[in-house]
Amino acid sequence: MKQLPFSLMLLTILICGFAPFSSSAQCSISICEETGAFAYAYNAKNEHYSMAELKKMSLNSCREVGGTRCYNYLENYTVGWWAFIVGRDLQGRFIRSGIMGASSKDKAISTVRLKYIKDGGQNVFKTQVHSWYVNRNNKN
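One gets the working numbering by counting positions in the sequence shown from 1 and adding 12 to each.
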C-alpha cells in the first residue's frame, strides 16, 4: 500500500484534528493503484451513514468500477464541496488531487484543477473532475 503524500497527510490530520465529530460530515475515498479506479461515498441530503459504512461503500464501489486492489485512501469529516481528479503525469503515473470543504462547487473544481497541474497532472481540461457536497451528519 502506498503512503499518502506528506501534504495530504498533514491536511487530513489538521482537518480531522479540529473537526467536531459529534455533528460532522463524513466522506471516504477509495482508490486502486493498479487501475486508477476510485470511488467515494459520503453523507448527502438527509443521509446519516457512519464512517465505517462509508468506508465499506467506497471500497465496494471502487471494485465495481474496475479496481483490482482497492484500499481506503482518505476519510474525513469536512462539510462543504469536495472535488477529486485522477489523471496521469508525463511518465504515465497516476496523479490524484483533491480538495475538501470548499464554499462552492466552482471553487472546488477550479482549486482541484490548479492543484492537479501543480502535482504534475497532464491534460487537465480533458480529465474529468468529480465533485460533490458533503452535509453535516449526526451519527458517528
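For each residue, glycine too, the CB sits at the ideal point set by N, CA and C. Computed from a prediction, not measured in an experiment: that's the story for all the values here.
Report yes if the CB atom of residue i is closer than 8 Å to the CB atom of residue j, and no otherwise.
i: C74; j: A49; result: yes
i: H60; j: A95; result: no
i: V124; j: G104; result: no
i: I107; j: G79; result: no
i: S42; j: C82; result: yes
i: A56; j: N135; result: no
i: Y128; j: G92; result: no
Report the CB separation of residue i from residue j in whole angstroms; it is logged as a contact under 8 Å.
i: N88; j: C39; result: 6 Å
On the CB-based measure, 16 or more other CB atoms within 10 Å of its CB, does residue i come out buried or exposed?
i: K67; result: buried
i: N152; result: In this predicted model, N152 has a pLDDT of only 36, less than 50, meaning its place in the structure is not dependable enough to derive any value.
i: A51; result: buried
i: A64; result: exposed
Whole angstroms is fine: what's the gap from residue i's alpha carbon to residue j's?
i: W144; j: S70; result: 14 Å
i: E12; j: A53; result: Coverage of the chain is limited to positions 13 through 152, which leaves residue 12 absent and any answer about it impossible.
i: K138; j: M112; result: 22 Å
i: S122; j: K130; result: 13 Å
i: D118; j: L86; result: 22 Å
i: E46; j: D101; result: 15 Å
i: L126; j: Q140; result: 14 Å
Name the DSSP bridge partner or partners of residue i?
i: I97; result: S109, V141
i: N135; result: Note: N135 sits in no beta bridge, so no partner.
i: G92; result: V146
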